[in-house]
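The UniProt record's numbering applies: residue 1 is where the sequence shown begins, and numbers increase by one.
Here is the structure we will look at, set down as structure tokens.
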Amino acid sequence: RMSMQKQENLRIIMDVLNDEMDELKRIHDGDVSMAMSKTTLDAEFGEDIKGMSEDEQQQLGKMVNKADAHVKGCMTVAYCAIMVAKLIQANQFILDDVREYLADGAIKYSIQCFDEVDNILKLSGKEDDVSAQYMKEARAIFATNNLN
């Protein structure tokens with residue numbers, strides 16, 4: 001029963017990774033990088049928002065929503081990929097399941113999300129050594145197992 005539960009947990013993580021990757025692709029037409037987050041928009045537009053027309057404010061709102069979805073998606077993909085990498089590290093026997101179940105290009109896309117998460121954390125001032133180390137380890141695990 002425990003083995004079945006572990007397998008199901010892996011599938012749940014991979015489902016989330018696949019779904020978030022698809023959502024990010026819809027947001028950006030396949031491009032992961034979008035160097036605007038709510039923080040940078042606030043810093044860039046700040047007081048100017050008050051002088052904008054209603055249409056301009058709506059356009060800016062759409063950009064902010066897109067930026068927020070981008071940040072959420074990149075963070076989710078990256079941290080799911082870290083979990084998958086750690087599970088691979090703990091149990092090499094799951095490699096076939098990972099290769100079979102993850103969408104084509106998911107690992108490559110995840111690695112791009114690692115770069116974007118690193119940028120997001122730096123921009124927001126929330127950069128930490130633990131996340132950076134986990135992403136570095138995940139890259140190495142994927143490379144060692146020819147998943148990148």
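The C-beta atom is built at its ideal place from N, Cα and C for all residues, glycine as well.
Notebook entry, point to check: Around the Cβ of Met21, are there at least 16 other Cβ atoms within 10 angstroms (buried) or fewer (exposed)?
Noted result: Reading the sequence shown from its first residue, position 21 is the one you call residue 21. Answer is buried; the Cβ neighbour count reaches 16.
Notebook entry, point to check: Is the Cβ-Cβ distance between Met75 and Val117 less than 7 Å?
Noted result: Looking up residue 75 in the sequence shown gives position 75. Looking up residue 117 in the sequence shown gives position 117. The answer is yes: Cβ separation under 7 Å.
Check: For Asp19, which option in Ile120, Ile94, Asp104, Gly125 has the closest C-alpha, if you only look at C-alpha atoms?
Finding: Position 19 of the sequence shown holds residue 19. Residue Asp104 is the option with its Cα nearest to Asp19.
Next item on the list: Specify the secondary structure class of Leu95 as computed by DSSP and reduced to three states.
Entry: The count along the sequence shown starts at 1 and reaches residue 95 at position 95. Residue state for Leu95 is assigned as helix, using DSSP reduced to three classes.
Notebook entry, point to check: Is it buried or exposed for Gln112, if we count other Cβ within 10 angstroms and need 16 for buried?
Noted result: Reading the sequence shown from its first residue, position 112 is the one you call residue 112. The residue is buried, with at least 16 neighbouring Cβ atoms inside 10 Å.
Note to self: I need the boundaries of the alpha helix (DSSP H) containing Asp104, first residue and last residue.
What the structure shows: Locating residue 104 in the sequence shown gives position 104, where the first residue counts as 1. Run containing Asp104: none; DSSP gives neither H nor E here.
Check: DSSP on Lys66, reduced to helix/strand/coil?
Finding: Position 66 of the sequence shown, counted from the first residue, corresponds to residue 66. Looking at Lys66 - three-state DSSP - the assignment turns out to be helix.
Note to self: Let me confirm a value: Ala90 is counted as buried when at least 16 other C-beta atoms fall within 10 Å, else exposed. Which label applies?
What the structure shows: Numbered from its first residue, the sequence shown carries residue 90 at position 90. Exposed, by the Cβ-count rule.
Note to self: Can you look up Asp22 in the DSSP assignment and give me helix, strand or coil?
What the structure shows: Within the sequence shown, numbered from 1, the residue matching residue 22 stands at position 22. The three-state secondary structure of Asp22, taken from DSSP, is helix.
Notebook entry, point to check: So Ala85 packs on Glu137, CB below 8 Å; how close in whole Å?
Noted result: Position 85 of the sequence shown, counted from the first residue, corresponds to residue 85. Position 137 of the sequence shown, counted from the first residue, corresponds to residue 137. A Cβ-Cβ separation of about 7 Å places Ala85 in contact with Glu137 under the 8 Å criterion.
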